[in-house]
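Chains as they are written, first to last, in my numbering: chain A, 1 to 143; chain B, 144 to 247.
As structure tokens, the structure follows; a few thoughts come after it.
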Amino acid sequence: MTMPTLEGSSKPSMFLRVVRSLAYVLIAVAGFLLLLSPVFATGNDIISIVMTWFLLVGGAFSAIGSAAGRWAGEFTGLPLLCIAFAVFGLLTFREGYPQTPYIAWANLSLLVGLSLMFVARWRYVFSVFRVADRFSGEGNDDE
Amino acid sequence: MSDETFRTLIIALLGTGGATFVWTVAKSIIAFKNSAEGREDKAVGRLEKFESECRQQLAHERKWVSFWSRRAAVLERVILVKLGPEHLPTPDPEPAPLDMEKNK
């Protein structure tokens, strides 16, 4: 169930784990702060609220999984983060386009780009999941 | 893009994310149950249950042995009394007090 080590190294990179966990924690904190903000809560509809919950839950799951070195955390949390970033990008684009179209496009590109990076990371974790899933059935004499 | 289309797109995205999340959670739980750690937990649980059952059985056997050993001792005494007082076991003589002077 643990994440594989980096190629050529004998132990998992603590630096990568700490930085990644910190990034996910900050994302979860961002979701929590957005939920607390009365302007955001009243000025936006249910879509925004769901999106912030996605940020909070996805960030928390990913942070716990990353800190513990377990693939299950990022495997479950990253889909929520991908969607949350993409939706956040679309919402900010929609809001800012009439006044500042270039900034709106820049925000959209940035957030959708980040969302795609999470997709790439999730694809890596998915391959770890497939390996774990394949080996989990072997040697099981219960069935 | 109209507001309605935009809203539909966002809802579709959120729905996809939510469905994927549910699927990944279910897959993770299944994978953990089938994993070595899951099996280890299961094996430890079974061993603990087996140990508890063994302890209960042992306590039961001890009670049973204690009851029948006492009963057997009483019956033996009754038989010996019926056979005659000469069959009764003589108590061991009391040990003589130690002669401390001699041991010095």
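We put the CB at the ideal spot given by N, CA and C, even for glycine.
Residue i: contacting residues in chain A (beta-carbon distance under 7 Å)
i: phenylalanine 164 of chain B; result: Thr76, Pro79, Leu80
i: serine 171 of chain B; result: Ala72, Phe75, Thr76
i: valine 168 of chain B; result: Thr76
N- and C-terminal bounds of the alpha helix (DSSP H) containing residue i
i: proline 238 of chain B; result: That residue, proline 238 of chain B, is in no alpha helix (DSSP H); it is neither H nor E in DSSP.
i: tyrosine 24 of chain A; result: 14-36
i: glutamate 229 of chain B; result: Here glutamate 229 of chain B belongs to no alpha helix (DSSP H), and DSSP marks it neither H nor E.
i: glycine 158 of chain B; result: 146-177
i: serine 69 of chain A; result: The sequence given here has glycine at residue 69 of chain A, not serine. It is not in any alpha helix (DSSP H) - glycine 69 of chain A carries neither H nor E in the DSSP assignment.
Residues near residue i by beta carbon distance below 7 Å, same chain, minus five either side
i: glycine 113 of chain A; result: none
i: leucine 80 of chain A; result: Phe54, Val57, Gly58
i: alanine 63 of chain A; result: Ser21, Tyr24, Val25, Ala28
Other residues of its chain near residue i: CB distance less than 8 Å, five sequence neighbours each side excluded
i: serine 202 of chain B; result: Residue identity check: residue 202 of chain B is alanine in the sequence provided, not serine. Answer for alanine 202 of chain B: no residue qualifies.
i: alanine 179 of chain B; result: none
i: proline 232 of chain B; result: Leu223
Under 7 Å from the C-beta of residue i: neighbouring residues of chain B
i: valine 50 of chain A; result: Leu157
i: leucine 34 of chain A; result: Under the 7 Å cutoff, chain B gives no residues; its nearest Cβ is about 15 Å from leucine 34 of chain A.
i: isoleucine 103 of chain A; result: Neighbours of isoleucine 103 of chain A on chain B: none; closest Cβ ~19 Å, over 7 Å.
i: alanine 63 of chain A; result: None at all; the shortest Cβ gap to chain B is about 16 Å.
i: valine 87 of chain A; result: Ile153, Leu156, Leu157
i: alanine 28 of chain A; result: Those do not exist, as alanine 28 of chain A stays about 15 Å from chain B at its closest Cβ, beyond 7 Å.
Interface residues of chain B facing residue i [CB-CB closer than 9 Å]
i: leucine 90 of chain A; result: Phe149, Leu152, Ile153, Leu156
i: phenylalanine 54 of chain A; result: Leu157, Gly160, Gly161, Phe164
i: phenylalanine 129 of chain A; result: Thr167, Lys170, Ser171, Ala174
DSSP state of residue i mapped onto helix, strand, coil
i: proline 144 of chain A; result: Outside the modelled stretch of chain A, which goes from 1 to 143, sits residue 144 of chain A, for which no answer is possible.
i: aspartate 184 of chain B; result: helix
i: aspartate 45 of chain A; result: coil
i: glutamate 143 of chain A; result: Reliability of the predicted coordinates at glutamate 143 of chain A is poor, the pLDDT of 37 falling under 50, and the value obtained from them is presented with this limitation in mind. Glutamate 143 of chain A: coil per DSSP, three-state reduction.
Sequence-distant residues of the same chain with beta carbon closer than 6 Å to residue i, five excluded per side
i: leucine 16 of chain A; result: none
i: phenylalanine 61 of chain A; result: Gly73, Thr76, Gly77
i: alanine 104 of chain A; result: Phe93, Gly96, Tyr97
i: glutamate 204 of chain B; result: none
Contacts that residue i makes with chain B (C-beta to C-beta distance below 8 Å)
i: valine 25 of chain A; result: Within chain B, no residue comes near valine 25 of chain A; the closest Cβ sits about 19 Å away, beyond 8 Å.
i: arginine 94 of chain A; result: Phe149
Is the region 149-159 of chain B close to the region 124-131 of chain A, with three or more CB pairs under 8 Å? Touching, no.
Below 8 Å, how does it come out for the region 53-69 of chain A and the region 78-96 of chain A: are there three or more Cβ pairs, yes or no? Touching, yes, given that three or more Cβ pairs across the two stretches are closer than 8 Å.
Are there three or more Cβ pairs, one per stretch, closer than 8 Å when the region 186-193 of chain B is compared with the region 90-101 of chain A? Taking 8 Å as the limit for Cβ pairs, the verdict is that the region 90-101 of chain A does not touch the region 186-193 of chain B.
Check whether the region 15-22 of chain A touches the region 66-84 of chain A, taking contact to mean three or more Cβ pairs, one atom from each stretch, closer than 8 Å. Verdict: yes, contact present.
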